[in-house]
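Residue numbers (this note's numbering): -4 to 650. Where is the CB? At the ideal position from N, CA and C, for every residue including glycine. All remarks here apply to the structure that follows.
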């Protein structure tokens, strides 16, 4: 059988780009078919022509692609940039806008095309001298700026059309031939490289790879770097296997019976709040969190995938919310000896290796890996290292020792009697003033003093409750109001922000809002308007304010996440957030019972507002809803609207 010979020596793909109406299609038809059509027809998407030429003794097959210049086809045309070997930038010498768009097209080339692609600048319609607005000098200056050749052409009169195509084809041919000659040298060099890798140590091999990477030609650099990286991956696997063998042999030789321990076994169960957020220690503060993190036990994958990993001042928390019930684990930062980055490769994700201190447990080694399949490793690495450097858990232990010394202080006679009580109150007041002044001096000191601030807030809370129960409630009203204001100013110690919550910002904000409302909502009758929540929640957050849109989204997620609250919009347009126990039918029955027990036999809006501790508009909407459910009846009088229990059903049954 006769051998089929290739009819051409080289195939070159050329791409024509430019604004719509500059004459790209006319240039292509003139060069490929030696024809010209005066009728303007917009190119739809992309079209191409093939022309076989002989250039410098080489048979070349040209594939010339004509792209649409309209914006609506831009997504389609840019996909053809990648395989182009030569690009013709075309503008209309009678249209300055098309000339100014050349810079935008060059930006598209730099973004989508190969870095070594050849380019040429074409100024078309040079035959229209009367309408010409772009001079030859301007076109040449722009070409010189980008270091490309420049032609002024006319598809109508066939001026410089063939010269422009031949010139760009020759540049591409010469470049491809130079790269083809260098490929043979590179193939030989790569075989030498792999031979030397087997003979060298790991460090020397890495140095040689870096040197080889800088020396390689840019056109094939990525291919050889890929091979070298694959080789390094194999060598790392061999080194890990040698290390594991050494560990096993050391354990089998009876060296104190030390073996490897599962890193997951070193993690402790984590308690979650009813809102699904981690329960923190009194002096613990959230620093940063990252979603879609998976856990590796040494080099093995585990079932803990795509969870949320949270860095606090004391622990590393892991919560897997995709399963029911939620899986929650924690690891003390004091157990982490070293944090190392591991780069991703092909399907391998970027990871952080955590070497753990397992000596106290009687084991020789333990390490775990955090896999960041969806990114975010570098953003997570910085806050983790910062938390490890601060060692806030040591300060907490020292403060606990100080508290024990204070509690174990021996009794003194000067502490007895009224004078002793007054003296202790003065000391506590002085300590509180000093604590507040010191804590707010700088942010770092504030974080370390968080535990003391919480304890002081709890003391104020107990004092408020005792004052509310006392017989002198009216006289203590101003003091109670002042103390409540002080507690609100202390606010939330670890507010959820976009910086520390990342992509889980809205979910975590909703959970923190639920925690805040759990203690706040009962004081307002279990129902609050969004405007009231916005004011109180932002006041508690201090400087970390949330926008109305963020708060609305967090309120909307309450029912989705089943946090015990849900939003409701009344017919008047009032939007409220209420506890699940305060549903419309239950509230209507409760209002009917209130009306039946009322000494007047009916309810007013003011009475409901006072009894339920809700605003006047909210009380009015609830009474109207109870009326629609046929639990109440209204009576419009000159004094106002009165709501009576609905007895019509019982009357009908009697009749």
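- Between the C-alpha atoms of residue 553 and residue 390 there is a straight-line separation of about 36 Å.
- Three or more beta-carbon pairs separated by less than 8 Å are not found between the region 339 to 347 and the region 267 to 276, which leaves the two stretches without contact.
- Uninterrupted beta strand (DSSP E) stretches at least 3 residues long and entirely within the region 488 to 550 occur at 522 to 524, given in chain order.
- Close CB contacts of residue 126 within its chain, under the 6 Å cut and outside five residues either way in sequence, are with 89 (chain order).
- One thing to note: residue 164 has its Cβ within 8 Å of the Cβ of residue 55.
- Taking the CA atoms as reference points, residue 283 sits about 12 Å from residue 503.
- At a Cβ-Cβ threshold of 8 Å, residue 627 and residue 638 count as neighbours.
- For the pair of segments examined, the region 330 to 341 was found to touch the region 373 to 385: the number of CB pairs separated by less than 8 Å reaches three.
- C-alpha of residue 605 to C-alpha of residue 598: approximately 11 Å in a straight line.
- For residue 287, the enclosing beta strand (DSSP E) has its first and last residue at 281 to 292.
- Under the DSSP assignment, residue 369 falls outside any beta strand (DSSP E); it carries neither an H nor an E label.
- Taken atom to atom, the span from the alpha-carbon of residue 121 to that of residue 10 is near 21 Å.
- Contact check for residue 91 against residue 48 fails: the beta carbons are separated by 8 Å or more.
- By the 16-neighbour rule on beta-carbons within 10 angstroms, residue 309 is buried.
- Between the region 539 to 546 and the region 556 to 568, the count of C-beta pairs closer than 8 Å stays below three; the two stretches do not touch.
- Counting only the Cα atoms, residue 287 lies some 14 Å from residue 296.
- Residue 115 sits close to residue 162, with the two beta carbons spaced by under 8 Å.
- Looking at 22, 523, 23 and 324, the one whose alpha-carbon comes closest to that of residue 312 is 324.
- If you compare the alpha carbons of 110, 618 and 424 with that of residue 78, the shortest gap goes to 110.
- Among the bridge pairs identified by DSSP, residue 121 is matched with none.
- From the listed residues 301, 532 and 150, the smallest Cα separation to residue 505 is found for 532.
- Linking residue 159 to residue 337 through their CA atoms gives a straight-line distance of about 50 Å.
- Judged by their CB atoms, residue 117 and residue 12 are not nearer to each other than the 8 Å cut-off.
- Comparing alpha carbon positions, the residue from 101, 264 and 86 closest to residue 94 is 86.
- Within the same chain, 629 come within 6 Å of residue 636 by CB-CB distance, once the 5 residues on both sides are set aside.
- Straight through space, the alpha carbons of residue 366 and residue 133 are spaced by roughly 55 Å.
- In this chain, residue 5 is not harboured by any alpha helix (DSSP H); it is covered by the beta strand (DSSP E) spanning 5 to 12.
- Between residue 44 and residue 27 the beta-carbon gap is near 4 Å, inside 8 Å, which marks them as a contact.
- Going by beta carbons, residue 24 and residue 15 fall outside the 8 Å limit.
- Taking the C-beta atoms as reference points, residue 589 is found no nearer than 8 Å to residue 617.
- For residue 583, the enclosing alpha helix (DSSP H) begins and ends at 579 to 592.
- The three-state reading of DSSP puts residue 575 in coil, since its state is none of H, G, I, E or B.
- Sequence-distant partners of residue 490 (beyond 5 residues in either direction) whose C-beta falls short of 6 Å from its own C-beta, in its chain, are 536 and 539.
- Boundaries cannot be given for residue 300, as no beta strand (DSSP E) includes it and DSSP labels it neither H nor E.
- The alpha-carbon separation between residue 259 and residue 290 amounts to approximately 9 Å.
- Between residue 613 and residue 571, the CB-CB gap stays under 8 Å.
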